[in-house]
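J.: Mind looking over this structure? Questions follow.
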Amino acid sequence: MKLVPLFDRVVLKQLVAEETTKSGIVLPGQAKEKPQQAEVIAVGPGGVVDGKEITMQVKVGDKVIYSKYSGTDVELEEEKFVVVKQNDILAVIE
Amino acid sequence: MKLVPLFDRVVLKQLVAEETTKSGIVLPGQAKEKPQQAEVIAVGPGGVVDGKEITMQVKVGDKVIYSKYSGTDVELEEEKFVVVKQNDILAVIE
Amino acid sequence: MKLVPLFDRVVLKQLVAEETTKSGIVLPGQAKEKPQQAEVIAVGPGGVVDGKEITMQVKVGDKVIYSKYSGTDVELEEEKFVVVKQNDILAVIE
Amino acid sequence: MKLVPLFDRVVLKQLVAEETTKSGIVLPGQAKEKPQQAEVIAVGPGGVVDGKEITMQVKVGDKVIYSKYSGTDVELEEEKFVVVKQNDILAVIE
Amino acid sequence: MKLVPLFDRVVLKQLVAEETTKSGIVLPGQAKEKPQQAEVIAVGPGGVVDGKEITMQVKVGDKVIYSKYSGTDVELEEEKFVVVKQNDILAVIE
Amino acid sequence: MKLVPLFDRVVLKQLVAEETTKSGIVLPGQAKEKPQQAEVIAVGPGGVVDGKEITMQVKVGDKVIYSKYSGTDVELEEEKFVVVKQNDILAVIE
Amino acid sequence: MKLVPLFDRVVLKQLVAEETTKSGIVLPGQAKEKPQQAEVIAVGPGGVVDGKEITMQVKVGDKVIYSKYSGTDVELEEEKFVVVKQNDILAVIE
Numbered sequence: 001m002k003l004v005p006l007f008d009r010v011v012l013k014q015l016v017a018e019e020t021t022k023s024g025i026v027l028p029g030q031a032k033e034k035p036q037q038a039e040v041i042a043v044g045p046g047g048v049v050d051g052k053e054i055t056m057q058v059k060v061g062d063k064v065i066y067s068k069y070s071g072t073d074v075e076l077e078e079e080k081f082v083v084v085k086q087n088d089i090l091a092v093i094e
Numbered sequence: 101m102k103l104v105p106l107f108d109r110v111v112l113k114q115l116v117a118e119e120t121t122k123s124g125i126v127l128p129g130q131a132k133e134k135p136q137q138a139e140v141i142a143v144g145p146g147g148v149v150d151g152k153e154i155t156m157q158v159k160v161g162d163k164v165i166y167s168k169y170s171g172t173d174v175e176l177e178e179e180k181f182v183v184v185k186q187n188d189i190l191a192v193i194e
Numbered sequence: 201m202k203l204v205p206l207f208d209r210v211v212l213k214q215l216v217a218e219e220t221t222k223s224g225i226v227l228p229g230q231a232k233e234k235p236q237q238a239e240v241i242a243v244g245p246g247g248v249v250d251g252k253e254i255t256m257q258v259k260v261g262d263k264v265i266y267s268k269y270s271g272t273d274v275e276l277e278e279e280k281f282v283v284v285k286q287n288d289i290l291a292v293i294e
Numbered sequence: 301m302k303l304v305p306l307f308d309r310v311v312l313k314q315l316v317a318e319e320t321t322k323s324g325i326v327l328p329g330q331a332k333e334k335p336q337q338a339e340v341i342a343v344g345p346g347g348v349v350d351g352k353e354i355t356m357q358v359k360v361g362d363k364v365i366y367s368k369y370s371g372t373d374v375e376l377e378e379e380k381f382v383v384v385k386q387n388d389i390l391a392v393i394e
Numbered sequence: 401m402k403l404v405p406l407f408d409r410v411v412l413k414q415l416v417a418e419e420t421t422k423s424g425i426v427l428p429g430q431a432k433e434k435p436q437q438a439e440v441i442a443v444g445p446g447g448v449v450d451g452k453e454i455t456m457q458v459k460v461g462d463k464v465i466y467s468k469y470s471g472t473d474v475e476l477e478e479e480k481f482v483v484v485k486q487n488d489i490l491a492v493i494e
Numbered sequence: 501m502k503l504v505p506l507f508d509r510v511v512l513k514q515l516v517a518e519e520t521t522k523s524g525i526v527l528p529g530q531a532k533e534k535p536q537q538a539e540v541i542a543v544g545p546g547g548v549v550d551g552k553e554i555t556m557q558v559k560v561g562d563k564v565i566y567s568k569y570s571g572t573d574v575e576l577e578e579e580k581f582v583v584v585k586q587n588d589i590l591a592v593i594e
Numbered sequence: 601m602k603l604v605p606l607f608d609r610v611v612l613k614q615l616v617a618e619e620t621t622k623s624g625i626v627l628p629g630q631a632k633e634k635p636q637q638a639e640v641i642a643v644g645p646g647g648v649v650d651g652k653e654i655t656m657q658v659k660v661g662d663k664v665i666y667s668k669y670s671g672t673d674v675e676l677e678e679e680k681f682v683v684v685k686q687n688d689i690l691a692v693i694e
């Protein structure tokens with residue numbers, strides 16, 4: 001089973017956030033609000049979305065930074081994914 | 101009796117959410133806010149919606165992930181459905 | 201006297217909601233928030249509404265499901281109606 | 301003195317609302333939120349409003365139902381009027 | 401010194417509101433929320449505003465009704481004015 | 501060092517607000533919410549902003565009235581400026 | 601590793617804010633809400649963003665003023681960056 005996103009949506013898998021400090025302490029609270037690193041798992045076809053032509057700029061395998069609040073958590077066969085609109089991806093990490 | 105959606109609306113039937121953990125405990129609270137798996141029961145004709153041309157991408161029988169908050173619960177002859185706009189469907193499960 | 205809706209508005213008459221359970225108990229509270237079944241009483245002419253061409257898809261006599269919150273209650277000669285925009289009608293019941 | 305509305309605005313004069321029940325009791329509270337019957341006193345010229353071409357559909361003397369919350373109360377020479385945009389008129393009463 | 405409004409803005413000078421009742425009592429509270437009568441002091445050039453062509457319909461000397469909440473109070477050389485967008489003017493008083 | 505605004509932005513320098521009354525008392529509170537007189541220090545190039553062609557109407561040296569809430573305070577080399585969009589300038593003082 | 605912004609996004613690195621007064625006291629509270637000086641580290645390709653053609657006006661190395669609230673904090677290899685849309689950059693410092 002796999003997720004095939006519609007329109008300008010992108011399926012991401014979060015990279016393990018290094019949210020422990022150097023001394024190994026887990027940072028709570030505010031840390032949850034930081035944008036996330038993720039890998040692109042699937043990319044929608046783009047096309048006309050809400051009356052605007054959208055070309056997909058990211059591809060499967062890209063590592064990206066996205067704004068966590070805009071995504072929707074999805075769970076499929078006990079694996080967790082995040083579905084975002086491409087516009088919620090801020091930058092690609094090269 | 102059946103529901104015939106207008107415009108870009110889609111009638112969904114929720115798949116039974118596996119909201120019990122492996123040990124059989126029902127997860128309350130936050131679990132209610134997760135997106136939902138559903139089967140497509142009926143698809144509107146698309147066309148010009150709110151001044152924008154919309155082509156329907158899903159078809160009857162598709163299993164989809166949608167954002168629960170955007171749908172409207174509908175009950176017809178003691179069966180429950182959810183009516184969403186196609187744009188609220190995040191991905192098709194293949 | 202009759203109501204002649206303007207633009208893309210539709211006059212509905214609610215069908216008696218079966219809000220009693222099988223054992224005859226009236227469901228309060230949350231039940232009030234559910235979408236409603238209604239019959240179409242009058243249909244506006246459509247045309248250019250808010251700069252967008254709108255074609256009317258419903259006709260007098262259709263039974264429809266609409267989202268209750270979007271309608272406006274109207275009373276004329278002691279009969280109650282609901283005036284909605286066509287876009288607030290989710291599906292036709294066939 | 302008279303009010304000459306600009307653009308797509310319409311000047312209404314509320315018809316006396318029959319807000320007493322058959323037994324003569326005035327209905328308070330919720331009754332205030334109901335849409336209103338009114339007579340059209342003056343109609344703006346229409347034309348391009350907010351970048352969209354608007355044709356006026358109502359005429360002086362029409363009896364209409366409008367959504368009370370959208371109007372602005374105006375008082376001129378001790379007479380009370382309501383100025384609404386045509387789009388806030390739900391239906392004409394014929 | 402004078403105020404030359406930009407775009408679709410209009411400079412108004414409030415006419416003395418007759419906010420005393422016949423018996424001479426000043427009405428407080430709710431009275432402040434009523435729309436206002438004013439005289440047009442200066443009119444912007446119109447033209448393309450926010451991507452839309454706007455033609456100015458009012459002229460200097462017009463007496464108008466406007467919605468008080470939309471205006472901005474301005475004081476110049478100890479005289480008070482209100483600057484509104486033309487679209488906040490509801491009607492001309494003739 | 502100088503500020504070169506982008507797009508339709510304008511750099512203003514507030515004129516000393518005469519917020520003391522004739523008898524010399526500083527007016528607190530509500531006085532802070534009044535629009536401001538300012539001098540134009542720098543003007544952006546205009547052009548296509550948010551999909552709309554914008555022509556700059558103000559020029560360096562103009563004295564203007566603007567709505568204080570829309571501006572952003574900027575400090576450069578211990579001098580204070582306000583950066584606004586041209587559309588937040590209400591009128592030029594001539 | 602480097603950040604390659606998508607569309608009209610710009611990666612900024614905040615310049616050390618001189619938030620101490622002349623006598624060396626750090627200003628707390630309100631100071632946090634002031635716009636920020638930053639250096640441009642990477643610039644997206646522009647192009648059609650949300651249906652509008654956007655040309656990038658800033659370039660790598662520019663010192664800019666931006667509105668802090670609109671940016672998203674990003675951390676990569678223990679260095680902190682801010683990703684903003686070009687439209688959130690108020691002015692270039694020359």
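Chains as they are written, first to last, in this note's numbering: chain A, 1 to 94; chain B, 101 to 194; chain C, 201 to 294; chain D, 301 to 394; chain E, 401 to 494; chain F, 501 to 594; chain G, 601 to 694.
C-beta: ideal position from N, C-alpha, C; glycine also.
Just so it is clear, the structure is predicted and the values come from calculations on it, not from any experiment.
Report yes or no: do three or more beta-carbon pairs, one from the stretch 101 to 111 of chain B and one from the stretch 55 to 64 of chain A, lie closer than 8 Å?
T.: Short answer: they don't touch.
J.: To the nearest angstrom, how far is the alpha carbon of residue 389(D) from that of residue 259(C)?
T.: Computed Cα separation, rounded: 21 Å.
J.: Say whether chain E places a C-beta atom closer than 9 Å to the C-beta of residue 552(F).
T.: Chain E contact via Cβ: present.
J.: Expressed to the nearest angstrom, what Euclidean distance is found between the alpha-carbon atoms of residue 147(B) and residue 403(E)?
T.: Near 50 Å, if we compare the C-alpha coordinates of residue 403(E) and residue 147(B).
J.: Check whether the Cβ of residue 490(E) lies closer than 9 Å to any Cβ atom in chain D.
T.: True, the Cβ-Cβ gap to chain D drops below 9 Å.
J.: Go through its chain and collect everything with a Cβ distance to residue 44(A)'s Cβ below 6 Å, but skip five positions before and after it.
T.: 5, 6, 7, 8, 9, listed in sequence order.
J.: Take residue 286(C) as the anchor and find which of 254(C), 214(C), 236(C) has the nearest alpha-carbon.
T.: Comparing Cα positions, the closest option is 254(C).
J.: Determine the burial state of residue 51(A): buried for a count of at least 16 other Cβ atoms within 10 Å of its Cβ, exposed for fewer.
T.: Per the 10 Å Cβ criterion, exposed.
J.: What does DSSP give as the partner residues of residue 681(G) in its beta bridges?
T.: Its beta-bridge partners are 674(G).
J.: Compare the C-beta of residue 414(E) against all C-beta atoms of chain D and say whether one is closer than 9 Å.
T.: False, the Cβ-Cβ gap to chain D never drops below 9 Å.
J.: If you draw a straight line from the C-alpha of residue 671(G) to the C-alpha of residue 137(B), how long is it?
T.: Distance between the alpha carbons of residue 671(G) and residue 137(B): 34 Å.
J.: Please classify residue 686(G): does DSSP put it in a helix, a strand, or coil?
T.: Of the three classes helix, strand and coil, the one that applies to residue 686(G) here is helix, per DSSP.
J.: Give a yes or no on whether the minimum CB-CB distance between residue 164(B) and chain C is below 9 Å.
T.: Judged by the 9 Å Cβ criterion, residue 164(B) is not in contact with chain C.
J.: Which residues in the same chain have their Cβ closer than 7 Å to the Cβ of residue 276(C), if we skip the five residues on either side of it in sequence?
T.: Closer than 7 Å at the Cβ level, and outside the excluded window around residue 276(C), lie 201, 203.
J.: Can you confirm whether residue 72(A), when its beta carbon is compared against all beta carbons of chain B, has any partner nearer than 9 Å?
T.: It does; some Cβ of chain B falls within 9 Å.
J.: Mark residue 168(B) as exposed unless 16 or more other C-beta atoms lie within 10 angstroms of its C-beta, in which case mark it buried.
T.: Label assigned to residue 168(B): buried.
J.: Taking the straight line between their C-alpha atoms, what separation do you get for residue 57(A) and residue 680(G)?
T.: So the alpha carbons of these two residues sit roughly 25 Å apart.
J.: Going straight from the alpha carbon of residue 514(F) to that of residue 583(F), what length do you get?
T.: Residue 514(F) and residue 583(F): Cα-Cα distance of roughly 11 Å.
J.: Closest Cβ-Cβ distance between residue 501(F) and chain G: below 9 Å?
T.: For residue 501(F), the answer is yes, since a Cβ of chain G falls inside 9 Å of its Cβ.
J.: Taking DSSP's pairing of strands, which residues face residue 237(C) in a bridge?
T.: For residue 237(C), which the question treats as bridged, DSSP gives the partners 265(C).
J.: Pull up the distance between the alpha-carbon of residue 178(B) and that of residue 274(C), whole angstroms please.
T.: Distance between the alpha carbons of residue 178(B) and residue 274(C) is about 29 Å.
J.: Indicate the three-state DSSP secondary structure (helix, strand or coil) for residue 313(D) in the structure shown.
T.: Residue 313(D): strand per DSSP, three-state reduction.
J.: Can you pull the chain C residues whose beta carbon is under 9 Å from the beta carbon of residue 394(D), in chain order?
T.: Near residue 394(D) (Cβ distances below 9 Å), the residues of chain C are 201, 202, 203, 204.
J.: Using the C-alpha atoms, what's the distance from residue 291(C) back to residue 404(D)?
T.: Residue 404(D) lies beyond the residue range present for chain D, which begins at 301 and ends at 394; the question has no answer from this structure.
J.: May I have the straight-line CA-CA distance separating residue 242(C) from residue 341(D), to the nearest angstrom?
T.: Those two C-alpha atoms are separated by around 25 Å.
J.: Could you give the distance in angstroms between the alpha-carbon of residue 94(A) and the alpha-carbon of residue 639(G)?
T.: C-alpha separation (whole angstroms): 20 Å.
J.: Is there a C-beta anywhere in chain D that falls below 9 Å from the one on residue 258(C)?
T.: No, its Cβ sits nowhere closer than 9 Å to a Cβ of chain D.
J.: Scan the stretch 174 to 189 of chain B for residues whose Cβ lies nearer than 8 Å to a Cβ of chain C and list them as they occur along the chain.
T.: Residues passing the 8 Å Cβ filter: 174, 175, 176, 183.
J.: Tell me which residues share the same chain as residue 233(C) and place their Cβ nearer than 6 Å to its Cβ, disregarding the 5 neighbours each side in the sequence.
T.: Its pLDDT being 48, under 50, residue 233(C) is placed unreliably by the model, and nothing is read from it.
J.: Provide the residue span of the beta strand (DSSP E) that contains residue 551(F), from first to last.
T.: Taken as a continuous stretch (DSSP letters only), residue 551(F) belongs to no beta strand (DSSP E), as it is neither H nor E.
J.: Identify the contact partners of residue 511(F) in chain G, using a Cβ-Cβ distance below 9 Å as the criterion.
T.: In chain order: 690, 691.
J.: How big is the Cα-Cα spacing for residue 416(E) and residue 216(C)?
T.: Using only the alpha carbons, I get a separation of about 54 Å.
J.: Considering only DSSP beta bridges, list what residue 695(G) is partnered with.
T.: In this structure chain G extends from 601 to 694, so residue 695(G) is not present and cannot be described.
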